[in-house]
């Protein structure tokens, strides 16, 4: 109960800043969004849950090259040439079949193209907050196949006038989760519909801001009881013209290595690289990332005790 009270208190402290945020630059930035509860793969969620009052928490840092590109006619313009950011994660199991989680992205450094210096894009301590709730209908850890439903809410919380928010205003995204696995491998897929509460025909770059279809798929291979290799992908496209607007469609492919230490309460080190496959806004050319997480989830089929 103390953990639940702490979680609710942190959320209440953050909400007032979300109400006060104004003048945010209305453009998507493709942040690195690892799974908050550590389930499934790197970005793609699995159906397993943490268990009652068990926690998952950690920190990821990444360096993305050209994370904001704009297609102007036949020319591809780069607005943000380099972005070094971080992501704090925290999740707790409310029930045996449900989790709630929070993520806080922020930027250490952002290099702006000289042609766009007049935008005065300043990083903030925290730019957004992401809140998620997941309910597992079938837990892969028990059945080797799984299905779950995730609800994701994101809203800007930055104070600075020209902060670079990852989403234009609040968004809500229901996500269907499917996965299957055996002792040494797992496959997962997530399909989501991202709704923008403040859609626009155009933003400061004359690009539309509106609902999106998201698809994440990936595979995890356990090369030993304490080591994993992960392949993951993230794709986003506008719902009104799927893959019909190259300046808006986004896709990224990632590969990572993960090492566990059971004696440190399942502390894990994850490191990898990502490559942007399309030229849409927020799609980085190249990304490197590293993260340290700690887990209290229970073991099941495919999670080997060591």
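Numbering (my numbering), first residue to last: 10 to 315.
Using N, Cα and C, we set each Cβ at its ideal position, and we do this for glycine too.
- Taken through DSSP and simplified to helix, strand or coil, residue 151 comes out as helix.
- A residue is called buried when at least 16 other Cβ atoms come within 10 angstroms of its Cβ; residue 231 meets this threshold and is buried.
- Selection 155, 77 and 104 evaluated against residue 57 yields 155 as nearest (Cα-Cα).
- If you compare the alpha carbons of 43, 196 and 225 with that of residue 150, the shortest gap goes to 196.
- Boundaries of the beta strand (DSSP E) harbouring residue 184: 180-190, taken from the DSSP string.
- Excluding the 5 residues flanking it on each side, residue 71 has same chain C-beta neighbours closer than 7 Å at 41, 94, 296, 297 and 298, in chain order.
- For residue 190, the closest of 207, 147 and 160 by C-alpha to C-alpha distance is 147.
- Counting along the chain, no beta strand (DSSP E) covers residue 44, and no H or E run does either.
- Going by beta carbons, residue 45 and residue 142 fall outside the 8 Å limit.
- Under the three-state reduction of DSSP output, residue 137 falls in the strand class.
- Annotation: the continuous beta strand (DSSP E) that includes residue 194 extends over 194-205.
- A straight line joining the alpha-carbon of residue 180 with that of residue 237 spans about 33 Å.
- Residue environment analysis places residue 92 among the buried positions, since at least 16 neighbouring C-beta atoms fall within 10 angstroms of its C-beta.
- Nearest to residue 136 by alpha-carbon distance, out of 74, 123 and 116, is 116.
- Going by beta carbons, residue 69 and residue 300 fall inside the 8 Å limit.
- In chain order, 159, 199 and 201 place their CB closer than 6 Å to the CB of residue 184, counting only its own chain and leaving out the 5 sequence neighbours on each side.
- Taking the CA atoms as reference points, residue 303 sits about 19 Å from residue 105.
- As the crow flies, the alpha-carbon of residue 225 is around 21 Å from that of residue 65.
- Annotation: the continuous beta strand (DSSP E) that includes residue 236 extends over 236-247.
- Here residue 205 is actually not in contact with residue 227; their C-beta atoms are around 26 Å apart, not less than 8 Å.
- Distance between residue 280 and residue 292, taken at the CA atoms: about 19 Å.
- When secondary structure is reduced to three states using DSSP, residue 304 falls in the strand class.
- Within its own chain, the residues whose Cβ lies closer than 6 Å to the Cβ of residue 162, once the five positions on either side in sequence are excluded, are 140 and 181, listed in chain order.
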